[in-house]
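Below: one structure, written as structure tokens.
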Amino acid sequence: MAEAGSNLAKNTEERELVITGIFDAPCEKVWKAWTDPESVKPWWGPKGFTSPVCKIDLRVGGKYLFSMRSPEGDDFWSTGVYREIVPLERIVATDSFADENGNVVPEHEHLRMESMS
């Protein structure tokens with residue numbers, strides 16, 4: 222069973238998602254929207270969701286922990302580690318499903334836990 226877990230981790234590390242956006246806003250405002258917890262909360266998640274928890278340790282090697290709360294009251298957690306930070310230009314970070322303590326949980330485990338609640 223440990224081998225399956227290590228394969229999942231390996232496959233997860235090999236996936237990459239690049240998000241690029243053009244915003245009609247000053248660079249400083251967009252940067253703050255991604256790096257200041259109180260600025261992230263209003264927009265994090267789909268329409269109708271809230272973000273009651275947003276913790277950011279903005280440094281290479283630092284972690285973040287975000288929550289999204291659905292209109293039905295279900296919480297969804299994500300965490301990651303900052304790999305590269307170029308102020309006002311670029312943020313490179315990992316992203317994983319998590320529990321409320323910031324522990325990474327496999328995608329299928331997260332979905333199973335949500336279906337049980």
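Taking our numbering, I'd label the letters of the sequence shown as residues 222 to 338. By construction, the Cβ of each residue, glycine as well, lies at the ideal position given by its N, Cα and C atoms.
Residues bridged to residue i [DSSP beta-bridge criterion]
i	result
Gly301	Tyr285
Lys268	Lys268 is not bridged to any residue.
Ile312	Ile306
Arg290	Thr271, Asp296
Val325	Ala319
Terminal residues of the alpha helix (DSSP H) in which residue i lies
i	result
Arg250	Per the sequence presented here, residue 250 reads as Lys, with Arg not at that position. 248-256 is the extent of the alpha helix (DSSP H) around Lys250.
Range covered by the beta strand (DSSP E) that runs through residue i
i	result
Ser317	317-319
Ile277	275-277
Close-in-space but distant-in-sequence residues of the same chain around residue i (CB under 7 Å, 5 per side omitted)
i	result
Pro273	Ser288, Arg290
Ser299	Phe287, Asp316, Ser317, Phe318, Ala319
Ala246	none
Cβ shell of residue i (< 8 Å), same chain only, five flanking positions each side left out
i	result
Ile312	Trp255, Thr256, Tyr303, Glu305, Ile306
Glu249	Leu309
Proximal residues to residue i (C-beta, below 6 Å), its chain only, five neighbours per side dropped
i	result
Ile277	Pro258, Tyr285
7 Å Cβ cutoff met for residue i and residue j
i	j	result
Pro292	Gly266	no
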